[in-house]
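Each remark here refers to the structure printed beneath this line.
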Ligand code: ATP
Ligand code: MG
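Numbering (our numbering), first residue to last: 3 to 434.
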């Protein structure tokens, strides 16, 4: 036998037996986003590598060590997208959709990062996201948060906490950065290797360090919130005011800085302690500088992304998955001419009862083996078309999940009778 080829490490097949929970999450999100006035955007999975270098930043985990980059046949450096925002902004600029306009968009797609695979962390993973453009006020950040909150509610998942912080305006952040760098320089000997490196490249990220030895130093560091200019303070206050009024709980986490370079003003994460170390299910914020950074006009922007795999785990752990969708009816055909007649009857059922979940047996086999497949399909009812039935223009009804005598229906009453079977699990007495 030829050697078996296996899936790539950190990437997963999502099998039909596990698909219901994915569809539950994706369908719920799609409906919800559309109800809030967001429209879907789809961008290619592969982009020029420079797009991510310019947007995410050279000194972020993603660009430094997680990208799937390669030269294509023309020698251009391309990358599998590690996140959705950069591509969405590129597309918005390219199609002239961001100038003097407001946009609300959502997306769903696969992302790729060469990380160390572990629970909740994969090399191909999937995100649902939302991006908004041209809206200055903190009201749009509040809307994004309330949309996410409603999403958790619709999914019936519990134990997700909203954490918020503000990074202020670019000017505010620059002056705070200088203050922080001074402080860290004064304690240079207490910095671990990572932090020493970040001190010159991305000092805010030091606040995010998980190293226990660094915690005291970080606790005592100057706080962003105490060094915000008036505009930054007002913006954040407006967001908190809307959330308070809406009754949306939150926790302010002064150490929340987000990994990517492009954020400003509000940043937020939805965090749970039920997933172990990978506890962030959704992350986002305002990124007013990005459109200009990618060659567009200065444009207000805010959005977020959530990891579907982590939501799938939460739904399964909390027993909130919906039942598998199964066939209602399985059509068994045995004997001469029954296959073509069966397909004709099946199509008339599909015409007459839109949405009917009807599996038509294929591939032949004995009556007995077909009945076994009918049972395995999960259908409640088998309709049987044998030579006998064909002669009488009837179908035999067998109840697969109930101990009831079998019945018979006339082809002329097919649609009414099958409707009745689906609604009441019974054949109606139809007087001729
Ligand atoms: P983390 O701190 O967990 O690495 P991040 O800040 O890199 O997260 P974002 O880029 O903000 O993550 O992505 C948004 C969301 O996408 C995360 O909150 C998470 O739910 C999900 N996510 C990110 N990376 C992965 C991954 N490698 N595998 C599965 N889900 C992921
Ligand atoms: Mg990461």
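All C-beta atoms, glycine included, are put in the ideal place defined by N, C-alpha and C. None of the values given here were measured: they were computed from a predicted structure.
Output the distance between the C-alpha atoms of residue 95 and residue 380, rounded to the nearest integer angstrom.
As a working note, residue 95 is residue 93 in the chain shown. As a working note, residue 380 is residue 378 in the chain shown. The alpha-carbon atoms of residue 95 and residue 380 are separated by roughly 49 Å.
Among 203, 194, 403, whose alpha-carbon lies nearest the alpha-carbon of residue 215?
Taking the chain shown and counting its residues from 1, one reaches residue 215 at position 213. Nearest of 203, 194, 403 to residue 215, Cα basis: 194.
Which residues mark the beginning and the end of the beta strand (DSSP E) in which residue 250 is found?
Working through the chain shown from its first residue, we reach residue 250 at position 248. Counting along the chain, residue 250 falls outside any beta strand (DSSP E), and DSSP gives it neither H nor E.
Going by Cα to Cα distance, which pick from 31, 85, 75 is closest to residue 55?
For this step, residue 55 is matched to residue 53 along the chain shown. Residue 55 has its Cα closest to that of 85, out of 31, 85, 75.
DSSP puts residue 105 in a beta bridge; with which residues?
Indexing the chain shown from 1 puts residue 105 at position 103. In the DSSP output, where bridge partners are listed per residue, residue 105 has 135.
Is any non-hydrogen atom of the ligand MG found closer than 7 Å to the C-beta of residue 377, if you look at the structure I gave you?
Here residue 377 refers to the residue found at position 375 when the chain shown is read from its first residue. Incorrect: residue 377 has no Cβ contact closer than 7 Å to the ligand MG.
If we ignore side chains and look at the alpha-carbon of each, how far apart do residue 218 and residue 5 end up?
The residue you call residue 218 lines up with position 216 of the chain shown. The residue you call residue 5 lines up with position 3 of the chain shown. Answer to the nearest angstrom: the Cα atoms are 54 Å apart.
Our contact map puts residue 58 next to residue 88 with C-beta atoms below 8 Å; I'd like the distance itself, whole angstroms only.
The residue labelled residue 58 in the question sits at position 56 within the chain shown. The residue labelled residue 88 in the question sits at position 86 within the chain shown. Rounded, the Cβ-Cβ distance is 6 Å, consistent with contact.
Among 160, 15, 301, which residue has its Cα nearest to the Cα of residue 112?
Looking up residue 112 in the chain shown gives position 110. Answer by Cα proximity: 15.
Grab the span of the beta strand (DSSP E) containing residue 400 for me, first residue to last.
One-based indexing of the chain shown puts residue 400 at position 398. Where residue 400 is concerned, the enclosing beta strand (DSSP E) stretches over 396-401.
Shortest alpha-carbon distance to residue 439 belongs to which of 138, 97, 45, 125?
Here the chain comprises residues numbered 3 to 434, so residue 439 is not present and cannot be evaluated.
State the Cα-Cα distance for the pair residue 369 and residue 334, rounded to the nearest angstrom.
Start at 1 with the first residue of the chain shown, and residue 369 comes out as number 367. Start at 1 with the first residue of the chain shown, and residue 334 comes out as number 332. Near 8 Å, if we compare the C-alpha coordinates of residue 334 and residue 369.
Thinking C-beta only, is residue 271 closer than 8 Å to residue 258?
Counting from 1 along the chain shown, the entry for residue 258 is found at position 256. Counting from 1 along the chain shown, the entry for residue 271 is found at position 269. Yes.
Can we say the stretch 160-178 touches the stretch 219-238, given the rule of at least three CB pairs closer than 8 Å?
Yes, the stretch 160-178 is in contact with the stretch 219-238.
Where do the N-terminal and C-terminal ends of the beta strand (DSSP E) with residue 187 fall, by residue?
Here residue 187 refers to the residue found at position 185 of the chain shown. Premise fails: residue 187 lies in the alpha helix (DSSP H), 172-188, not in any beta strand (DSSP E).
Less than 8 Å between the C-beta atoms of residue 47 and residue 115, yes or no?
Walking along the chain shown from the start, residue 47 turns up at place 45. Walking along the chain shown from the start, residue 115 turns up at place 113. No. Outside cutoff.
State the CB to CB distance for the pair residue 320 and residue 22, rounded to an integer number of angstroms; the pair is presumed to be in contact (CB under 8 Å).
Counting from one through the chain shown, the residue named residue 320 turns up at place 318. Counting from one through the chain shown, the residue named residue 22 turns up at place 20. The Cβ separation is near 15 Å, so there is no contact.
Could you tell me if the beta carbon of residue 215 falls within a distance shorter than 7 Å of some heavy atom in the ligand MG?
Counting from one through the chain shown, the residue named residue 215 turns up at place 213. No; taking the cut-off as 7 Å, the Cβ of residue 215 has no heavy atom of the ligand MG nearer than that.
Relative to the ligand ATP, is the shortest distance from any of its heavy atoms to the C-beta of residue 49 smaller than 7 Å?
If you number the chain shown from 1, residue 49 lands on position 47. No, the ligand ATP has no heavy atom inside 7 Å of this Cβ.
State the Cα-Cα distance for the pair residue 434 and residue 396, rounded to the nearest angstrom.
To locate residue 434, count along the chain shown from 1; it is residue 432. To locate residue 396, count along the chain shown from 1; it is residue 394. Below a pLDDT of 50, predicted positions are generally treated as unreliable, and residue 434, at 46, falls in that range; no measurement from the model is reported.
Determine the direct distance from the alpha carbon of residue 83 to that of residue 129, and round the result to whole angstroms.
Here residue 129 refers to the residue found at position 127 when the chain shown is read from its first residue. Here residue 83 refers to the residue found at position 81 when the chain shown is read from its first residue. Cα-Cα distance, rounded: 11 Å.
Residue 126 to residue 60, Cα distance in whole Å?
As a working mapping, residue 126 is identified with position 124 in the chain shown. As a working mapping, residue 60 is identified with position 58 in the chain shown. One C-alpha to the other measures close to 21 Å.
When every heavy atom of the ligand MG is checked, does at least one fall within less than 7 Å of the C-beta of residue 210?
Taking the chain shown and counting its residues from 1, one reaches residue 210 at position 208. It does not: the Cβ of residue 210 is nowhere closer than 7 Å to a heavy atom of the ligand MG.
Pick out whichever of 408, 383, 402, 412 has its Cα sitting closest to the Cα of residue 394.
Working through the chain shown from its first residue, we reach residue 394 at position 392. Residue 412 is the option with its Cα nearest to residue 394.
Go ahead and label residue 408 buried or exposed: buried means 16 or more other beta carbons lie within 10 angstroms of its beta carbon, across all protein chains shown.
Locating residue 408 in the chain shown gives position 406, where the first residue counts as 1. It is exposed - the Cβ of residue 408 has fewer than 16 other Cβ atoms within 10 Å.
With contact counted as at least three CB pairs below 8 Å, one residue from each stretch, are the stretch 30-45 and the stretch 337-356 in contact?
These segments do not touch.
Which class does residue 48 belong to by DSSP, given the choice of helix, strand or coil?
Here residue 48 is taken as the residue at index 46 of the chain shown, counted from 1. DSSP places residue 48 in strand when its eight states are reduced to three.
From the DSSP output, in three-state form, read off residue 433 for me.
Here residue 433 refers to the residue found at position 431 when the chain shown is read from its first residue. Model confidence at residue 433 stands at a pLDDT of 48, short of 50, so the residue's coordinates are unreliable; what they give is reported in the following sentence. Three-state DSSP puts residue 433 in coil, outside helix and strand.
Touching or not, the stretch 97-111 and the stretch 196-208, by the rule of three or more beta carbon pairs under 8 Å?
Result no; under three Cβ-Cβ pairs closer than 8 Å.
Ends of the beta strand (DSSP E) at residue 385?
Along the chain shown, one-based indexing puts residue 385 at 383. Taken as a continuous stretch (DSSP letters only), the beta strand (DSSP E) holding residue 385 covers 383-388.
State the beta-bridge partners of residue 410 as determined by DSSP.
On the chain shown, position 408 is the one that residue 410 refers to. Paired residues: 398.
Assess, as a yes-or-no matter, whether the stretch 268-287 is touched by the stretch 138-149 under the definition of 3 or more beta carbon pairs within less than 8 Å.
The stretch 138-149 is in contact with the stretch 268-287.
As an exercise, report each continuous alpha helix (DSSP H) stretch of at least 4 residues that is fully enclosed by the stretch 49-123, in chain order.
Correct list: 51-58, 87-96.
Between the Cα of residue 283 and those of 245, 154, 386, spot the shortest distance and give me the residue it belongs to.
Here residue 283 refers to the residue found at position 281 of the chain shown. For residue 283, the nearest C-alpha among the options comes from 154.
Straight-line CA distance for residue 327 to residue 416?
The sequence position of residue 327 within the chain shown is 325, counting from 1. The sequence position of residue 416 within the chain shown is 414, counting from 1. In a straight line, the C-alpha of residue 327 is about 24 Å away from that of residue 416.
Nearest CA to the CA of residue 66: which residue from 203, 32, 98?
By 1-based counting over the chain shown, the position of residue 66 is 64. Among 203, 32, 98, the Cα nearest to that of residue 66 is on 203.
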